[in-house]
Structures are given as C-alpha cells and as structure tokens.
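What follows is a set of notes on a single structure, which appears directly below.
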Amino acid sequence: MKSENLKKGLRLFAFFFKIGCFTFGGGWSILAQMEQEFVEKEGLITKEELLEMAAVGKSVPGIMITNISMLFGYQLCGWFGGVCSVLGITCPAVLILTAVSWGYESFKSNYWCHCALRGIQAAVVPIIGSAALSLGRDVFATTKGKAIGIAAFLLCVFTGISNIWLVLLGIAAALLTEGVRRHGLS
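Printed below as a string of structure tokens:
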C-alpha cells in the first residue's frame with residue numbers, strides 16, 4: 002500500500018472518529034460536518050457528489066452515515082479509505098455505548114445527565130435543518146427536481162406505496178430518462 006493512501010486513510014479515520022465522538026443528531030448532522038470540511042474547506046468533493054453519496058447511502062440497507070462514510074472513503078482512496086472511514090465512524094459509538102452500559106444504573110436517574118441530553122437535543126434541530134436546507138437547495142434548483150420531489154412526497158404521504166417501491170420507481174425513472182436523453186429520443 003502506498004504511503005499516500007495510508008496517510009489519507011488514517012486522516013479519514015481520525016476525522017470520522019472525531020465527529021463520531023462529538024456529533025449529536027445522527028447522520029444528517031454528520032453530513033453537515035462532512036459538507037463543511039470536505040466540500041467548503043478542502044474542496045475534495047462537490048456538493049453534488051456528497052448529495053449523491055447521501056442518496057445512495059440512504060437507499061441501501063444499513064446505517065445511512067456508515068454507508069456514506071464507506072462511499073466517501075472509497076472515492077478518496079479506495080477500499081482502504083472506505084474501511085478507515087467506517088471504522089472511524091463506528092468506533093466511538095461502540096466505545097461510548099460500552100461505557101454507558103457499564104454505568105447505566107447511575108446515569109439513568111442523574112439530573113445533570115438528563116439536563117445535558119435535553120440541551121443537546123435542542124441544539125440538534127438547527128444542525129439538521131441547516132444540512133437539509135443546504136443540500137436540498139441544489140436538488141430543488143431545477144423544475145424537474147421540484148416535480149420529482151413533490152411527486153415522491155405526495156405518493157409517500159397519500160398512498161400506501163412502500164418507500165422501497167418509491168426508491169425503485171425513482172431509479173427506474175432516472176434510468177429511463179437518462180437512456181432517452183443519451184439516445185436522442187427526447
């Protein structure tokens with residue numbers, strides 16, 4: 002393995018480990034931090050690429066942010082980067098849950114722990130909202146994006162169609178429209 006890939010992989014591990022330790026609010030708040038670090042500060046990927054990773058990561062089985070971490074790490078430095086990213090994002094949760102489970106009895110009724118968690122919960126809402134607005138702005142920039150989003154929302158809310166079928170229909174529609182566009186049938 003090249004030393005450059007080793008350095009990138011270890012850097013990915015360190016980044017994902019850090020945000021895995023200190024990020025509350027789940028995958029969307031982590032996605033916002035990835036956007037800030039790797040899109041805005043370093044320019045390693047574009048917003049569109051991150052949005053595509055989020056769409057794929059949310060669509061496949063498993064934990065969304067773990068899937069996105071794997072895709073992101075793989076794109077930057079192959080399988081080693083993917084493995085380092087996944088280990089970095091999952092290790093803090095395993096370590097924290099292990100510690101919490103050992104001390105659960107004393108934590109569960111502690112007034113200060115309860116207050117801290119309520120404060121964290123209040124701070125998570127604007128973080129997730131910021132990520133949704135920032136990433137959603139690019140998706141809904143076109144009329145086609147708005148129409149597809151509204152149609153998917155309406156189908157999800159007002160019909161009994163499973164979300165799995167909606168995702169599969171979206172994939173089929175994208176493949177069909179791309180095929181029509183490439184073959185000049187439009």
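Numbering-wise (our numbering), the sequence shown opens with residue 2 and increments by one.
A virtual CB, placed ideally from N, CA and C, is assigned to each residue, including glycine.
Any C-beta of chain B under 9 Å from that of residue i
{"i": "residue 108", "result": "Here chain B cannot be found, since the structure has a single protein chain."}
Helix, strand or coil at residue i [DSSP, three-state]
{"i": "residue 135", "result": "helix"}
{"i": "residue 102", "result": "helix"}
{"i": "residue 62", "result": "coil"}
{"i": "residue 33", "result": "helix"}
{"i": "residue 108", "result": "helix"}
{"i": "residue 43", "result": "coil"}
{"i": "residue 115", "result": "helix"}
{"i": "residue 145", "result": "helix"}
{"i": "residue 9", "result": "helix"}
{"i": "residue 160", "result": "coil"}
{"i": "residue 3", "result": "coil"}
Same chain only: Cβ atoms within 7 Å of residue i, ignoring 5 sequence neighbours per side
{"i": "residue 9", "result": "77, 78 and 82"}
{"i": "residue 61", "result": "68"}
{"i": "residue 30", "result": "24, 125, 128, 129 and 132"}
{"i": "residue 138", "result": "none"}
{"i": "residue 4", "result": "none"}
{"i": "residue 183", "result": "none"}
{"i": "residue 59", "result": "65"}
{"i": "residue 164", "result": "157"}
Assumed close pair residue i, residue j - CB separation to whole angstroms, cut-off 8 Å
{"i": "residue 48", "j": "residue 57", "result": "Contact flag wrong, Cβ pair sits at about 15 Å."}
{"i": "residue 21", "j": "residue 94", "result": "6 Å"}
{"i": "residue 63", "j": "residue 13", "result": "Actually they do not touch by this definition, with Cβ atoms about 18 Å apart."}
{"i": "residue 11", "j": "residue 116", "result": "37 Å between Cβ atoms; not a contact."}
{"i": "residue 156", "j": "residue 167", "result": "6 Å"}
Cβ neighbours of residue i in the same chain (closer than 8 Å, five flanking residues each side left out)
{"i": "residue 55", "result": "32, 65, 69 and 136"}
{"i": "residue 90", "result": "17, 18, 20, 21, 31, 66, 67 and 70"}
{"i": "residue 179", "result": "none"}
{"i": "residue 153", "result": "167 and 171"}
Spatial neighbours of residue i in its chain, beta-carbon cut-off 6 Å, leaving aside the 5 residues before and after
{"i": "residue 162", "result": "156"}
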